[in-house]
Amino acid sequence: MNFIKKFNLINLIIMTSKEIRQAFLDYFESKQHKIVSSAPMVVKGDPTLMFTNAGMNQFKDIFLELRQPDAKRVADSQKCLRVSGKHNDLEEVGKDTYHHTMFEMLGNWSFGDYFKAEAIEWGWEFLTEIMKLDKNRLYATVFEGDIADNLEKDTEAENFWKKYLPEDRILNGSKKDNFWEMGETGPCGPCSEIHIDLRTQEERLKISGRELVNKDHPLVIEIWNLVFIQFNRKQSGELEQLPKKHVDTGMGFERLCMAVQGKFSNYDTDVFQPIICKIAELSGFKYGVSDEVDIAMRVIADHFRTIAFSIADGQLPANEKAGYVIRRILRRAVRYAFTFLEQKTSFLHKLLPVLIEVMGEQYPEITLQQQLITKVIEEEELSFLNTLDTGIHLLNNAIEILIAEKENVLDGKLAFTLYDSFGFPPDLTELILSEKGFMLDKKGFDEHMNVQKDRSRNTIKQETDEWINVYDDDIEEFVGYDRTEARVRISRYRKAKVRGKDEYHIVFNLTPFYAESGGQVGDTGYFEADGEKIEIFDTQKEHNQIVHVTKKIPGNINLEFRAVVNSKKQKLTAANHSATHLLHFVLRKVIGEHVEQKGSLVDSEKLRFDFAHYQKLTVQQIKEVENLVNGLIRLNIPLSEFRNIPINEAKDMGAMALFGEKYGDTVRVIRFGESVELCGGIHVNATGEIGMFKIISESAIAAGIRRIEAITAFEIENYINDLENTIDSIKNVLKVPDKIAQKVEKLVEENKTLKKQVELMQKEKIKFIKQDLKANIQEVNGMNVIIAKLDAPNADFLKQISFDLKGEVSNLFLTFAAELNGKAFLSVMLGNELVEKGMNANTIIREIAKEIQGGGGGQPFYATAGGKNPKGIEAALKKCLEIIS
RNA sequence: GGGGGAUUAGCUCAGUUGGCUAGAGCGUUUGACUGGCAGUCAAAAGGUCAUCGGUUCGAUUCCGAUAUUCUCCA
Numbered sequence: 009m010n011f012i013k014k015f016n017l018i019n020l021i022i023m024t025s026k027e028i029r030q031a032f033l034d035y036f037e038s039k040q041h042k043i044v045s046s047a048p049m050v051v052k053g054d055p056t057l058m059f060t061n062a063g064m065n066q067f068k069d070i071f072l073e074l075r076q077p078d079a080k081r082v083a084d085s086q087k088c089l090r091v092s093g094k095h096n097d098l099e100e101v102g103k104d105t106y107h108h109t110m111f112e113m114l115g116n117w118s119f120g121d122y123f124k125a126e127a128i129e130w131g132w133e134f135l136t137e138i139m140k141l142d143k144n145r146l147y148a149t150v151f152e153g154d155i156a157d158n159l160e161k162d163t164e165a166e167n168f169w170k171k172y173l174p175e176d177r178i179l180n181g182s183k184k185d186n187f188w189e190m191g192e193t194g195p196c197g198p199c200s201e202i203h204i205d206l207r208t209q210e211e212r213l214k215i216s217g218r219e220l221v222n223k224d225h226p227l228v229i230e231i232w233n234l235v236f237i238q239f240n241r242k243q244s245g246e247l248e249q250l251p252k253k254h255v256d257t258g259m260g261f262e263r264l265c266m267a268v269q270g271k272f273s274n275y276d277t278d279v280f281q282p283i284i285c286k287i288a289e290l291s292g293f294k295y296g297v298s299d300e301v302d303i304a305m306r307v308i309a310d311h312f313r314t315i316a317f318s319i320a321d322g323q324l325p326a327n328e329k330a331g332y333v334i335r336r337i338l339r340r341a342v343r344y345a346f347t348f349l350e351q352k353t354s355f356l357h358k359l360l361p362v363l364i365e366v367m368g369e370q371y372p373e374i375t376l377q378q379q380l381i382t383k384v385i386e387e388e389e390l391s392f393l394n395t396l397d398t399g400i401h402l403l404n405n406a407i408e409i410l411i412a413e414k415e416n417v418l419d420g421k422l423a424f425t426l427y428d429s430f431g432f433p434p435d436l437t438e439l440i441l442s443e444k445g446f447m448l449d450k451k452g453f454d455e456h457m458n459v460q461k462d463r464s465r466n467t468i469k470q471e472t473d474e475w476i477n478v479y480d481d482d483i484e485e486f487v488g489y490d491r492t493e494a495r496v497r498i499s500r501y502r503k504a505k506v507r508g509k510d511e512y513h514i515v516f517n518l519t520p521f522y523a524e525s526g527g528q529v530g531d532t533g534y535f536e537a538d539g540e541k542i543e544i545f546d547t548q549k550e551h552n553q554i555v556h557v558t559k560k561i562p563g564n565i566n567l568e569f570r571a572v573v574n575s576k577k578q579k580l581t582a583a584n585h586s587a588t589h590l591l592h593f594v595l596r597k598v599i600g601e602h603v604e605q606k607g608s609l610v611d612s613e614k615l616r617f618d619f620a621h622y623q624k625l626t627v628q629q630i631k632e633v634e635n636l637v638n639g640l641i642r643l644n645i646p647l648s649e650f651r652n653i654p655i656n657e658a659k660d661m662g663a664m665a666l667f668g669e670k671y672g673d674t675v676r677v678i679r680f681g682e683s684v685e686l687c688g689g690i691h692v693n694a695t696g697e698i699g700m701f702k703i704i705s706e707s708a709i710a711a712g713i714r715r716i717e718a719i720t721a722f723e724i725e726n727y728i729n730d731l732e733n734t735i736d737s738i739k740n741v742l743k744v745p746d747k748i749a750q751k752v753e754k755l756v757e758e759n760k761t762l763k764k765q766v767e768l769m770q771k772e773k774i775k776f777i778k779q780d781l782k783a784n785i786q787e788v789n790g791m792n793v794i795i796a797k798l799d800a801p802n803a804d805f806l807k808q809i810s811f812d813l814k815g816e817v818s819n820l821f822l823t824f825a826a827e828l829n830g831k832a833f834l835s836v837m838l839g840n841e842l843v844e845k846g847m848n849a850n851t852i853i854r855e856i857a858k859e860i861q862g863g864g865g866g867q868p869f870y871a872t873a874g875g876k877n878p879k880g881i882e883a884a885l886k887k888c889l890e891i892i893s
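Here the numbering used here is used: the first residue of the first sequence is 9, the next is one more, and so on.
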């Protein structure tokens, strides 16, 4: 009760968004909930999901009973992104006042603990007592039942609501609105939504809020969804009761702020207003004057949050997958700024300081990475503005053609090409067209779009069958830190079809196989029993399970198997992984503490390390990094491994925690001397095992991000052997024992002068030949005729002479013949005077080429032909003379 | 994962029934004009037309593969 009083006082003045968020967390903490931090918005390790799109994502494996919860009651504020898949709000953003790409979801959870009664009671209490929302404006919906699923109405929830709400404010909801399912299969159950009517008194008198619930009214909105997970839907479609029932709730933070602060739009709350004010200030436009400008500002404010947080979570704009989604959002924002706020140059990045003011406290990652976020956004803006330029250029060309052809509709295919190949937004195409009085064939555009979509959909088909349980075992243990082989049993398996090929996914009760994560690739190896040996060619993680990928399943799946990791390969991978830690550590020493890991890939052949840094590393810096890492290797520092230590303890040890990474309560720490990192990977026992470290390349992969690729151990031996071989073969060719560079330099120099000499000599030769030819000009019918067979090194040589003579001899008729590589070659050159009279080298060459069994052609004044009969050359030349005589 | 496009001088780009011995602008160098800055004019240098293979008398152009890169769909 004290708790409620405390907030009553605060609520006398309007609560800020920061206070509202904190009040939620404090309230549920007072109800024995454990407050956890937001998972990163960008999802790693779940192939079905690119972004966190609901508060429950990070607890998915608990609902699937693949992980034991470490607290039965949990609450948090989760960063969410809805831009793809089932929930795609991207196109809605800005047009209305309450859709967002990124938003915060406040949620409380019960894992087999409390159920409907408490969830409803606390939901009600929080909204009415703490947030002080008007009880008369609240509505609840309950699931009305469904005949197809043989489900009855959720009278349980209805009865609890009756304690707080009059019956006419409790509404029935359909399966679509009030039955929540995680996917086609899996945990599901009825839900109960709380809606609020935020309209003016006057409006409310005209029409009852009851009529507007779930009718997409901007001010009669759902603010909290209480999901009661009590069933599991099997692949057959059948529902079965879950032994443990869960509560999963989600409340849109921005909507709550709107309700509490008495605004009519999410964008009018203090979550967005500072950003919108800044946009207005920078662009010179005013918010609230025209619809177009308002929409643009809302789009920009919304999208900017998304982009900034994604980058902070480590997801940079890119041209595929999640990075591509981010790029598209950024471009959408730029496009609105470009068209409606007349921003022809980059400006989004200037909004970051304001965003940090609003959200930096709750989410420190954006503050800490300010410089990087700014730089990346600016670079992206500039590159898109460039794409727009190109697109406008191409579109203008197309419009000129339309004008020339007196058309007024632009072909949909062309607009689609503009979009598909050049990234030019179709709505911008339409806008530019309409400004100039043209129309777009929208239907044609959509048709092409659909063709592309179908094509993509058809190729994606990756089907997985349902898991088949073989052997019951709750916990799948990873024993690979200590062993590379183990006696295992199959707990479950399934068949999958990937690119038309069958493969099997197998889960063991325990396993020495490391699943791909943290940049380290999955182990390979085999498992065997009863004389049957099956190769494991990859190991992946799915919902915390370690999935072994094979081409077949054993004949008898109930045996105990010997599972063996390819340890040679694993050792090499481990060397690269440990070297990555040393590299990270040394980079921070050499170029500064701002070096932040942005990505990493470790396999048996190489290591790749991406990190935040703004300039190219100098040659000296690279050498220094290599020297220091190699120094640490030679010190042969033993590995200190700490499993299951609390995260705070790890931080005290100086572990470099990665921002945007989500960690459980306990972590594993890997330490080599001063290098301390949180890491789940496989490492060497002492740094000496790495052998040696060599940087192979250093490059930029995005604004502010650089990539180092390096090799260790055996790979360096290969590398050195290759180098040696190359040098040896060069020495052999040059016939020198050393000072190769000097010798090569000399050769290049010589080559250059020789080339010049040859050129000169050829010119001399040409001059000589020309003189000779000119002396033997025959006059035939007023033409200066030269017909000759020459020795020539190549066709260009004859071409050169032909063009020269054309400039020197008037009324020229010139035919050359030569034998090149055993084939016959002919050319005919005519002076301009003859061409003007109607002669054509083309027709002449075709006629005479018959003699050499060949064909040819060219322009009216110069034509060439080739044939396989050199013996016909004399006849061809003779024929040539006949033609003109 | 699947589709489309691009790669031509240091930079930005032109270059269609395959043939004009590859062009423009900017930049670079040189020269002239001017007292200097700057500029104007003139000239020159600079290209394995991404790489490899194929078709052809002939390929920057057509075809195939590779590399790099952009872009769209999923």
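C-beta atoms are modelled at their ideal positions from N, C-alpha and C, and glycine is treated no differently.
With a 10 Å radius around its C-beta and 16 neighbouring C-beta atoms as the bar for buried, classify residue i as buried or exposed.
i: Met447; result: exposed
i: Gln786; result: exposed
i: Val496; result: buried
i: Pro251; result: exposed
i: Leu439; result: exposed
i: Arg465; result: exposed
i: Ser216; result: exposed
i: Ile514; result: buried
i: Leu360; result: buried
I'd like to know whether the C-beta atoms of residue i and residue j end up nearer to each other than 7 Å.
i: Arg145; j: Ile204; result: yes
i: His621; j: Arg714; result: yes
i: Leu885; j: Ala826; result: no
i: Gly102; j: Ile287; result: no
i: Ile645; j: Gly681; result: yes
i: Leu57; j: Asn552; result: no
i: Glu723; j: Glu613; result: yes
Quick check: the Cα distance between residue i and residue j, rounded to an integer number of angstroms?
i: Gly830; j: Gly530; result: 59 Å
i: Ile542; j: Leu89; result: 41 Å
i: Gly153; j: Lys161; result: 4 Å
i: Met9; j: Lys42; result: Confidence at Met9 is low in this model, with a pLDDT of 40, below 50, so its placement is unreliable and the value that follows should be read with caution. Straight-line Cα distance between these residues: approximately 20 Å.
i: Phe667; j: Ile544; result: Any reading at Phe667 must be qualified, since the residue scores a pLDDT of 45, below 50, and its modelled position is unreliable; the value itself is stated next. Near 33 Å, if we compare the C-alpha coordinates of Ile544 and Phe667.
i: Val150; j: Glu129; result: 15 Å
i: Val692; j: Gly533; result: 19 Å
i: Phe123; j: Gly181; result: 20 Å
i: Asn656; j: Ala663; result: 10 Å
i: Val317; j: Met64; result: In the sequence as presented, Val is not what sits at residue 317; that position holds Phe. Going from the Cα of Phe317 to the Cα of Met64 covers about 19 Å.
i: Val817; j: Tyr870; result: 15 Å
i: Phe392; j: Val342; result: 8 Å
i: Lys170; j: His311; result: 41 Å
So if DSSP puts residue i in a beta bridge, which residue, or which two residues, is it bridged to?
i: Val557; result: His513 and Asp546
i: Gly533; result: Ile544 and Val573
i: Thr149; result: Leu179 and Glu201
i: Asp34; result: In DSSP, Asp34 forms no bridge with anything.
i: Val228; result: Asp205
i: Asp256; result: Trp117 and Val235
i: Pro836; result: Contrary to the premise, residue 836 reads as Val rather than Pro in this sequence. Thr823 and Ala871.
What I want to know is whether the C-beta of residue i ends up closer than 6 Å to one or more non-hydrogen atoms of the ligand SAM.
i: Ser683; result: The ligand SAM is not among the ligands present in this structure, which contains no ligands whatsoever.
*asked:* Does the structure place the region 562-571 close enough to the region 580-590 that three or more beta carbon pairs sit under 8 Å?
replied: With the cut-off at 8 Å, the region 580-590 and the region 562-571 do not touch.
*Check whether the region 388-405 touches the region 728-743, taking contact to mean three or more Cβ pairs, one atom from each stretch, closer than 8 Å.*
No contact exists between the region 388-405 and the region 728-743.
_Touch test, the region 228-239 against the region 195-213, Cβ-Cβ under 8 Å, three pairs minimum_ = Between the region 228-239 and the region 195-213, the count of C-beta pairs closer than 8 Å reaches three or more; the two stretches touch.
*asked:* Across the region 294-310 and the region 346-358, are there enough close Cβ pairs to call them in contact, namely three or more that are closer than 8 Å?
replied: Using a Cβ-Cβ distance cut-off of 8 Å, the region 294-310 and the region 346-358 are in contact, since at least three pairs of beta carbons, one from each stretch, lie closer than that value.
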